[in-house]
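Residue numbers (our numbering), protein chains in the order written: chain A, 30 to 94; chain B, 169 to 509.
Next up, the structure:
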């Protein structure tokens with residue numbers, strides 16, 4: 030259990046224990062939620078691939094507008 | 169009848185180097201958790217009493233109780249009568265995809281020596297359903313955009329995306345027309361003087377139009393993998409069990425008309441011709457990279473994101489066993505950190 034506690038304490042996403050179950054970050058701003066929706070919603074799944082074709086676009090630049 | 173706590177078959181715990189993740193394939197979500205918790209839910213049946221015995225102590229029991237509550241709250245587990253447990257089937261790990269190829273990247277410039285329409289129709293005939301058309305340097309005009317749109321009218325293609333260099337004329341045209349073709353899922357104009365992202369949704373179709381200051385001058389600028397690109401779903405998860413999720417059933421054509429696994433690669437499989445494309449993509453030499461699954465790849469095999477990641481980095485094999493990447497990933501599973509984090 031010591032190892033478990035250490036893991037929780039060392040990982041910034043996993044503090045405290047109750048909040049350690051880190052859901053996919055709620056993406057801030059319109060662009061990120063668009064990205065998330067675009068690649069994850071069932072609507073997208075109906076018409077397009079289940080995966081991205083490439084990672085050409087650096088979304089962090091779009092986010093920092 | 170005694171009720172048991174069962175892990176949902178489509179909720180899969182994946183251990184990483186320093187932390188793990190639960191993939192909720194049905195809901196297309198994931199949860200990062202400590203590896204120690206991954207061990208606790210590795211079996212189909214959740215044995216809470218065994219957890220308590222393994223970690224005695226009041227504080228530990230509170231943590232374990234919280235974890236169990238979390239699993240129940242997120243419906244990652246379900247209560248099930250003991251007699252029904254054998255009837256809960258495990259996820260079958262088979263994956264197949266009709267068609268010789270599935271998706272295509274086309275690097276195209278105004279001076280490219282091949283016929284764009286001919287390549288699109290040939291690729292779609294042998295199974296390609298998703299296309300990405302990239303232009304790095306040419307200033308495509310309105311006619312070029314119409315030409316691309318027209319290639320996908322009355323075709324079996326399900327979606328296409330365009331990445332092109334910004335110019336004001338193309339910007340206006342693309343912004344107005346993106347919604348006109350339901351197969352067009354996104355248009356991104358790079359090297360723009362500003363950043364803009366517009367998302368529209370018409371019925372069940374949805375599109376993204378974006379202008380970005382990012383400069384994409386060649387295929388080597390196209391590795392921008394990040395947490396935003398992680399994608400949990402059952403198809404990708406199953407595909408990743410057996411295949412390389414980027415290279416599998418992908419064919420690319422570079423600006424010079426050369427067929428490749430990825431346009432950033434130095435090696436090619438000859439110049440495109442409608443008569444030879446099928447022979448190329450069905451050759452074992454072309455398909456070699458398709459089978460480089462993450463579990464056989466150094467570093468990736470210990471990553472909690474390995475079954476939700478589409479990684480375009482170049483790979484090579486040593487001694488017909490493990491695969492290695494030629495460049496580092498933007499995520500370090502040993503530190504659990506993304507680049508610049």
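Heads up, the beta-carbon is just placed ideally off N, CA and C, and yes, glycines get one too.
Between residue 218 of chain B and chain A, the shortest Cβ-Cβ separation is not below 9 Å. Listed by position along chain A, the residues whose Cβ is nearer than 7 Å to that of residue 378 of chain B are 91. Per DSSP, residue 458 of chain B lies in no beta strand (DSSP E) segment and is marked neither H nor E. Classified as buried, residue 483 of chain B has 16 or more neighbouring CB atoms from the shown chains inside 10 Å of its CB.
Note on residue 387 of chain B: 16 or more other CB atoms within 10 angstroms of its CB, so buried under the neighbour-count rule. Closer than 9 Å to the CB of residue 403 of chain B there is at least one CB belonging to chain A. Non-local C-beta neighbours of residue 395 of chain B in its own chain, meaning closer than 7 Å and more than five positions away in sequence, comprise 506, ordered along the chain. Closest by C-alpha distance to residue 498 of chain B, out of B:393, B:280, B:229, B:316, is B:393. Rounded to the nearest angstrom, the Cβ distance from residue 456 of chain B to residue 408 of chain B is 17 Å, too far for a contact under 8 Å. Within the model, the alpha-carbon separation for residue 196 of chain B versus residue 180 of chain B is close to 12 Å. Counting the other CB atoms within 10 Å of its CB gives residue 319 of chain B a total of 16 or more, which places it among the buried residues. In this chain, the alpha helix (DSSP H) harbouring residue 216 of chain B covers 216-222. For residue 343 of chain B, the enclosing alpha helix (DSSP H) stretches over residues 336-345. Here residue 367 of chain B is bridged, per DSSP, to B:376. For the region 174-205 of chain B, the continuous beta strand (DSSP E) assignments of 3+ residues that do not extend past its boundaries occur at 179-183, 188-192, 197-201, in sequence order. If you ignore the 5 residues before and after residue 275 of chain B, its C-beta comes within less than 6 Å of the C-beta of 302, 422, 423, 431, all in its own chain and listed in chain order.
For residue 347 of chain B against residue 310 of chain B, the beta-carbon gap comes to about 16 Å, at or over 8 Å, which does not count as contact.
Distance from residue 454 of chain B to residue 437 of chain B at the Cβ level is roughly 6 Å; contact confirmed, criterion being Cβ atoms closer than 8 Å. Taking the Cα positions, residue 281 of chain B is about 10 Å away from residue 426 of chain B. Within chain A, the C-beta atoms nearer than 7 Å to that of residue 300 of chain B come from 82, 83, in chain order.
Beta-bridge partners assigned by DSSP to residue 272 of chain B: B:299, B:419. The residue from B:182, B:213, B:496 with its alpha-carbon nearest to that of residue 200 of chain B is B:182. When the five nearest sequence neighbours on each side are left out, the beta carbons in the same chain lying within less than 8 Å of the beta carbon of residue 366 of chain B are those of 343, 376, 377, 378, in order along the chain. Spanning the alpha carbons of residue 321 of chain B and residue 267 of chain B requires a straight line of approximately 20 Å. Residue contact with chain A for residue 253 of chain B: absent (no Cβ-Cβ distance below 9 Å to any residue of chain A). Secondary structure of residue 81 of chain A (DSSP, three-state): coil. Between residue 213 of chain B and the set B:313, B:245, B:315, B:380, the nearest pair of CA atoms involves B:245. Exposed is the label assigned to residue 257 of chain B, since fewer than 16 other Cβ atoms lie within 10 Å of its Cβ. Residue 290 of chain B carries a helical assignment under DSSP once its states are collapsed to helix, strand and coil. Listed in chain order, the non-local C-beta contacts of residue 325 of chain B below 8 Å within the same chain comprise 288, 292, 296, 297, 298, 299, 351, local neighbours out to five positions each way being set aside. According to DSSP, residue pairing for residue 428 of chain B in a beta bridge involves B:420.
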